[in-house]
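Undergrad:
Number of protein chains: 2
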Amino acid sequence: MSIAAMVARRERLLGPGNPLFYEDPVHLVRGEGVWLFDADGRRYLDCYNNVPCVGHCHPKVVEALCRQAKLLNTHTRYLHENILDYAERLLGKFDGSLDRLALACTGSEANELALRIARFNTGGEGFICTNATYHGNTAAVAQISPIFEPFEGYSEAIRMVPWPDAYRPLNNLSGAALADAYADEVQRAIDSFKAKGVKFAGMLVCPIFANEGLPKVPPGYLEKAVGHVRRAGGLYVADEVQAGFGRTGRWWGHEQSGVIPDIVTLGKPMGAGHPISGVVARGELLDSFRLRQEYFNTFGGNPVSCAVAEAVLQVIEEEGLVHNAAEVGEYVLRLFQELQSRHEIIGDVRGRGLFFGMDLVSDRKTKAPASEQTKRVVNAMRHKGVLMGNIGQHGNVLKLRPPLCFSKENADFLVSALDEVLSAE
Amino acid sequence: MSIAAMVARRERLLGPGNPLFYEDPVHLVRGEGVWLFDADGRRYLDCYNNVPCVGHCHPKVVEALCRQAKLLNTHTRYLHENILDYAERLLGKFDGSLDRLALACTGSEANELALRIARFNTGGEGFICTNATYHGNTAAVAQISPIFEPFEGYSEAIRMVPWPDAYRPLNNLSGAALADAYADEVQRAIDSFKAKGVKFAGMLVCPIFANEGLPKVPPGYLEKAVGHVRRAGGLYVADEVQAGFGRTGRWWGHEQSGVIPDIVTLGKPMGAGHPISGVVARGELLDSFRLRQEYFNTFGGNPVSCAVAEAVLQVIEEEGLVHNAAEVGEYVLRLFQELQSRHEIIGDVRGRGLFFGMDLVSDRKTKAPASEQTKRVVNAMRHKGVLMGNIGQHGNVLKLRPPLCFSKENADFLVSALDEVLSAE
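Protein chains in written order, with this note's numbering: chain A, 157 to 581; chain B, 157 to 581.
1. Roughly how many angstroms lie between the CA atoms of glutamate 466(B) and arginine 245(B), to the nearest whole one?
2. So if DSSP puts phenylalanine 512(B) in a beta bridge, which residue, or which two residues, is it bridged to?
3. Could you please give me the residues that DSSP links to glutamate 188(B) through a beta bridge?
4. Would you say alanine 337(A) lies against chain B (beta-carbon separation less than 8 Å)?
5. Mapping DSSP to helix, strand and coil, what is glycine 282(B)?
6. Which residue's Cα is closest to the Cα of valine 182(A): Met359(B), Tyr234(B), Glu179(B), Asn453(B)?
7. Does DSSP put serine 518(A) in a helix, in a strand, or in coil?
8. Determine the extent of the beta strand (DSSP E) in which serine 433(A) is found, giving its start and end residues.
9. So is tyrosine 310(B) in contact with chain A if we call contact Cβ pairs under 8 Å?
10. Going by other Cβ atoms of all chains shown within 10 Å of its Cβ, with 16 needed for buried, is proline 459(A) buried or exposed?
11. At a CB-CB cut-off below 7 Å, which residues of chain A make contact with arginine 448(B)?
12. So with CB distances below 9 Å, who are the chain A contacts of lysine 226(B)?
13. Taking only the alpha-carbon atoms, compute the straight-line gap between valine 435(B) and alanine 260(B) and give it to the nearest angstrom.
14. Give a yes or no on whether 8 Å exceeds the smallest Cβ distance from histidine 550(B) to chain A.
15. By how many angstroms is the C-alpha of isoleucine 501(A) removed from the C-alpha of leucine 495(A)?
16. Note down the Cα distance separating alanine 243(A) from arginine 165(B), rounded to an integer number of angstroms.
17. Can you pull the chain E neighbours of methionine 426(A), defined as C-beta to C-beta under 9 Å?
18. Following the continuous beta strand (DSSP E) through isoleucine 472(B), name the residue where it begins and the one where it ends.
19. Is threonine 421(B) helix, strand or coil by DSSP?
20. Since I believe lysine 350(A) is in contact with asparagine 206(A) (beta carbons under 8 Å), could you give me their beta-carbon distance rounded to a whole number of angstroms?
21. Look at the alpha carbon of glutamate 179(A) and the alpha carbon of valine 420(A), and state the distance between them as a whole number of angstroms.
22. Which residues does DSSP pair with valine 542(B) in a beta bridge?
23. For valine 589(B), would you say it is in contact with chain A, using Cβ-to-Cβ distances shorter than 8 Å as the test?
24. Starting from the Cα of arginine 315(A), find the closest Cα among Asn327(A), Ile300(A), Glu308(A), Phe307(A) and give me that residue.
25. For chain A, check one thing: does any of its Cβ atoms lie closer than 8 Å to the Cβ of asparagine 287(B)?
26. Identify which residue in Lys372(A), Thr294(A), Val297(A), Ala298(A) has its Cα closest to the Cα of glycine 331(A).
27. In this structure, what does DSSP give as the bridge partners for glycine 358(B)?
28. How far does the beta strand (DSSP E) with valine 317(B) in it reach, from first residue to last?
29. What are the boundary residues of the alpha helix (DSSP H) that aspartate 241(A) is part of?
30. Give me, in chain order, the residues of the same chain whose beta-carbon lies closer than 6 Å to that of serine 518(A); leave out the 5 immediate sequence neighbours on both sides.
31. Which residues of the stretch 250-271 of chain A have a Cβ closer than 9 Å to any Cβ of chain B? Give them in chain order.
32. Can you list the residues of chain A that alanine 243(B) reaches, using a CB-CB cut of under 7 Å?
33. Enumerate in chain order the residues of its own chain whose CB-to-CB distance from isoleucine 432(A) is below 6 Å, with the five nearest sequence positions on each side excluded.
34. So, is the C-beta of aspartate 180(A) closer than 8 Å to a C-beta in chain B?
35. Does DSSP put proline 215(A) in a helix, in a strand, or in coil?
36. So which of Glu475(B), Leu170(B), Leu269(B) has the shortest CA-CA distance to histidine 236(A)?
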C-alpha cells in the first residue's frame with residue numbers, strides 16, 4: 157500500500173489531527189539496535205527515539221517479555237515476585253529518601269498521580285510549571301503542559317515561570333545573577349498564589365528542561381528555585397520521563413542539579429516501549445496518600461510489565477549504557493561544536509549525555525529562531541536516512557535522543573549527514 | 157519466600173494501602189485458560205478476571221505479542237499497518253455512526269479522553285454519573301468514581317444519580333413507572349446544573365452498571381435517561397471497559413439497552429492483560445477535538461499493542477466466545493437460580509452473559525445486605541480453589557466474571573463449591 161493510501165486510510169479510521177512526523181511520512185516495519193527499516197528496506201539511523209533506550213527489539217528484553225507472557229499476566233491484587241524484585245532494584249538507584257514505588261502505565265498517569273500525591277500531602281492546589289513544557293495529556297496534566305494550550309483554559313491553580321535559559325538570558329544577566337533572576341520568578345509565582353488565596357502545592361519540572369529545548373541551565377538555579385518552593389511549604393516533583401534511565405550520562409537527570417526531589421515520575425524508556433510508568437517518592441508522601449485515597453491501576457505493575465522493566469535495567473547495567481551515554485555523548489557534543497564553528501545557523505549546541513539540542517538561528521547576534529529552516533533540516537535528514545525531531549518554544553531546536561547504545565561510528569554517520577544538510581541550507 | 161514475608165516486603169517497597177485480595181493473599185505464578193496456579197502448585201478456577209478474556213496466556217495472543225515485539229515497537233507518529241488493520245476490524249463491530257478510534261493504554265486514560273471530548277464538543281462541563289460507581293483513577297475521572305471518595309471533594313460540575321435497580325426499587329415502583337422514576341433523577345440532575353449555571357456536557361455510565369452490582373435495569377431506563385441527556389444538549393458516554401468484548405453475550409454491553417452511545421470507552425479485556433485501551437466515537441466528535449487539542453499518547457496504538465489486540469479479536473471470533481458467553485452464561489444463571497431456591501441468603505441473582513452478581517441478604521423481606529457474610533464467602537471460596545470478588549454499594553454482591561472460555565464443566569465445579577460454602581454459612 158502506498159504512503160498516500162496509508163495516510164488516507166489512517167485519516168478515515170483515526171481521523172485528522174493525529175500527529176505524524178515528516179512531510180513524507182515514514183512507514184516503519186522493523187527495528188534493530190539504533191536502526192529502523194521502512195517497508196522498502198531503507199535503513200534509518202534512529203537519533204530521535206529515547207523510548208527504545210536499550211536499542212530497538214533488544215533480544216534480552218523481548219525474551220523476558222515472551223517468557224513471562226507465556227507464564228502469567230495478572231494484576232497486583234494477587235502477590236507476585238516480579239514487582240517486588242523490580243521495585244527493590246529500581247529504588248536502589250535513588251537517594252535513600254526516595255524509598256517507595258507506585259506503578260502505572262504511562263507518563264501522563266505518573267504525572268497525574270504525582271500531582272494528586274503532592275496536593276493531598278500539602279493540602280494545597282497551586283502548581284508551578286514552566287511556560288514551554290509538556291507533561292502529559294489528561295485534563296489535570298494538560299494544565300501544566302502549555303506547549304499544547306488546553307481548550308479548557310487555565311485554572312487559578314496554575315502559574316507558569318520562564319524556563320531557565322543561559323543562551324537567551326532574562327534581562328541579559330549571567331552567572332549567579334541569572335540563576336537568581338529565574339528563581340525569583342518562582343518566588344513571584346508563589347507570592348501570586350498567596351495574593352489570590354490559592355494554597356501552594358508545589359513545582360513540577362523536568363530536571364533537564366527537555367521540552368523547553370534542553371537549555372544550559374544557569375548553575376544553582378534549581379537549588380534556589382526548589383529552596384523557594386520548600387520554604388513556601390511546596391513539594392518538588394521531578395518529571396524524569398525523558399531524563400531518566402541513563403539518558404543524561406547519569407541514572408537520573410536530577411543528579412546533576414544538586415537537588416533531591418520529593419517525588420519523581422518515570423515513563424518512556426522504563427519498559428523500552430512496553431507501557432509501564434512509575435512514581436518514586438518519599439515513603440511518607442505516597443503512604444499517607446494511599447491510606448486515604450484508594451489507588452489501583454489494573455495493568456500497572458503486572459508481572460509482564462515488571463519482567464520487561466527489570467530486563468531493561470539489567471541490559472543498561474550489563475552493557476554499561478549509562479557510561480556509554482556519557483562517553484559517546486561527549487564525543488557527539490565535540491563534533492557538534494566543530495559543526496557550529498563552520499555553520500552560522502547553529503546558534504547554540506547543548507548536550508546532556510545522549511540528549512542534544514541544537515539551537516538554529518537566522519542571526520547569531522539577535523539569536524532569532526530559525527524555525528522554518530529547522531523543519532527543513534529535519535525533513536532533509538529523514539531523506540538522508542537519519543531520524544531526529546525539533547522542539548522548543550519556537551520549534552527551532554533540533555532534538556536528538558538516540559538509543560543509549562549509540563556508538564561513535566553512529567555519531568560520525570549522523571554528523572556527516574548533518575554537515576551536508578546544513579551546507580545546503 | 158513465605159506469604160507473610162512477601163507481604164512485608166511489599167509493604168516496605170510499595171507501602172501500605174495497596175489493595176490485596178483475601179485474608180490469606182494468593183501468590184500466583186502461572187495461568188492457563190480458566191485456571192491459575194499458586195507457588196505451591198495449587199490450582200484455582202478463575203471466576204473473577206475479565207481481563208484475560210480469551211483465557212490466561214492464550215497461545216495465539218502470546219505468539220502475536222512475541223512476533224511483533226521481535227520486529228518493531230514504536231509510536232504512531234510513524235506509519236504502521238497494525239493500528240490501521242486493528243481499527244478497521246474493531247470499528248466494524250460497532251454501529252456505523254461510531255466510526256473513529258483513538259487508542260490509549262488504560263481505562264482511566266480512555267475515560268479521561270472521553271470526558272475531554274464531550275466537554276470540548278458541548279462547551280459544557282457538567283457530567284452525570286451514578287452514586288455507586290468507579291471509572292478510573294485520574295483527578296477528573298475520580299470525580300465520577302464515588303466508590304472511592306476523592307480527597308479533593310466534588311466539584312460543582314458533577315451530579316450523581318441513583319443507579320437503576322429493580323431489586324431494591326426507588327419508591328417501591330416497578331415496570332415503566334420505575335424506569336421513569338430513575339430517568340426523572342437524571343432530568344433532576346440536569347435541572348440542577350441549569351439552576352447552578354453549570355453548562356451540561358453529558359452522562360457517563362457503564363451500560364450494564366457493573367460496579368453498581370450488575371442490577372436488573374428497569375426496561376427502557378437507558379433510552380429514557382439518554383433521551384433527557386440529549387434533549388439537554390449532552391452526550392452519552394458508555395464505559396464498556398468491563399462490559400465490552402463479548403462479556404455480556406453480545407459484543408458490547410450497550411447493545412442490550414437499545415441506545416447507541418455518542419462515545420464508547422474500552423479497556424481491560426482489549427489486550428487480554430496487555431495495556432491497551434481506546435475511545436470509539438462519532439467521527440465529528442473526535443475529529444473536532446483532535447483538530448483543536450493536540451492529543452498524543454506515546455505508547456497508545458503501538459504496533460505490539462495492536463498486534464495483541466488484533467489477536468484477541470481473532471480468538472474471540474475463531475473460538476465463538478461471544479456465543480459461549482451467552483450459552484454458558486445462561487447455564488450458570490439457571491444453576492445459580494437453583495442455588496437461590498435452597499439458600500435463603502441469596503436474595504437476588506443477576507447475569508449478563510458471563511458476568512454475574514449474586515446479592516446476599518440477611519433477610520429476604522427487608523433485603524438487608526449481608527456484607528460480612530459476603531466477605532466470608534469470598535474468602536472461603538478461595539480456600540476451595542475458586543477465585544471471585546464482591547462489589548456493590550454495600551459490598552454484598554458476589555462478583556463473577558470468568559474468562560470467556562468458561563465451560564459448563566467449569567460452571568458445575570464453581571456451583572458445587574459455592575453450594576458447600578453457602579451451606580456452611
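Note that CB positions come from ideal geometry on N, CA and C, so glycine has one too.
Values in this document were obtained by computation on a predicted structure and should not be read as measured data.
TA: On the basis of the supplied data:
1. So the two alpha carbons sit approximately 8 Å from each other.
2. When beta bridges are read from the DSSP output, phenylalanine 512(B) appears opposite Gly507(B), Leu556(B).
3. Trp191(B), per the DSSP bridge assignment.
4. No, alanine 337(A) lies away from the interface with chain B (no Cβ there is under 8 Å from its Cβ).
5. In the structure shown, the three-state DSSP call for glycine 282(B) is strand.
6. Of the listed residues, the one whose Cα sits closest to valine 182(A) is Tyr234(B).
7. Reduced to three states, the DSSP call for serine 518(A) is strand.
8. It spans 433-438 - the beta strand (DSSP E) in which serine 433(A) sits, taken as one unbroken run.
9. Judged by the 8 Å Cβ criterion, tyrosine 310(B) is not in contact with chain A.
10. Buried: at least 16 other Cβ atoms inside 10 Å.
11. What arginine 448(B) touches in chain A: Phe307.
12. Correct list: Cys213, Pro215, Val218, Cys222.
13. A straight-line Cα-Cα distance of about 8 Å links valine 435(B) and alanine 260(B).
14. Closer than 8 Å: no.
15. Going from the Cα of leucine 495(A) to the Cα of isoleucine 501(A) covers about 10 Å.
16. Computed Cα separation, rounded: 10 Å.
17. Reference to chain E is not applicable here, since the protein chains of this structure are A and B.
18. For isoleucine 472(B), there is no enclosing beta strand (DSSP E); the enclosing alpha helix (DSSP H) has its first and last residue at 459-474.
19. The answer is strand: DSSP assigns threonine 421(B) an E or B state.
20. That belief does not hold up - the Cβ atoms of asparagine 206(A) and lysine 350(A) are roughly 38 Å apart, past 8 Å.
21. Separation of glutamate 179(A) and valine 420(A) (C-alpha to C-alpha, rounded to the nearest whole angstrom) is 36 Å.
22. Its beta-bridge partners are Leu201(B).
23. Past the boundaries of the shown model lies residue 589(B); chain B is included only from 157 to 581, so the question cannot be answered.
24. Closest by alpha carbon: Ile300(A).
25. No, because no Cβ of chain A sits closer than 8 Å to the Cβ of asparagine 287(B).
26. Checking every option, the nearest Cα to that of glycine 331(A) belongs to Lys372(A).
27. DSSP, once it has assigned bridges, lists Phe283(B), Leu391(B) as partnering glycine 358(B).
28. Annotation: the continuous beta strand (DSSP E) that includes valine 317(B) extends over 314-317.
29. Segment 237-247, the alpha helix (DSSP H) holding aspartate 241(A).
30. Setting aside the 5 residues that flank it on each side, serine 518(A) is surrounded in the same chain by Ala524, Ala526, each with a C-beta closer than 6 Å to its C-beta; the list follows chain order.
31. Per Cβ criterion, the list reads Asp255, Arg256, Leu257, Ala258, Leu259, Ala260, Cys261, Thr262, Gly263, Ser264, Glu265, Glu268, Leu269, Leu271.
32. In chain order: Leu169, Leu170.
33. The beta carbon of isoleucine 432(A) sits closer than 6 Å to those of Met426, Ser461, Ala465, all from its chain and outside the five residues before and after it, given in chain order.
34. For aspartate 180(A), the answer is no, since every Cβ of chain B falls outside 8 Å of its Cβ.
35. In the structure shown, proline 215(A) sits in a helix (DSSP, three-state: H, G or I).
36. Looking from the CA of histidine 236(A), the closest CA among Glu475(B), Leu170(B), Leu269(B) belongs to Leu170(B).
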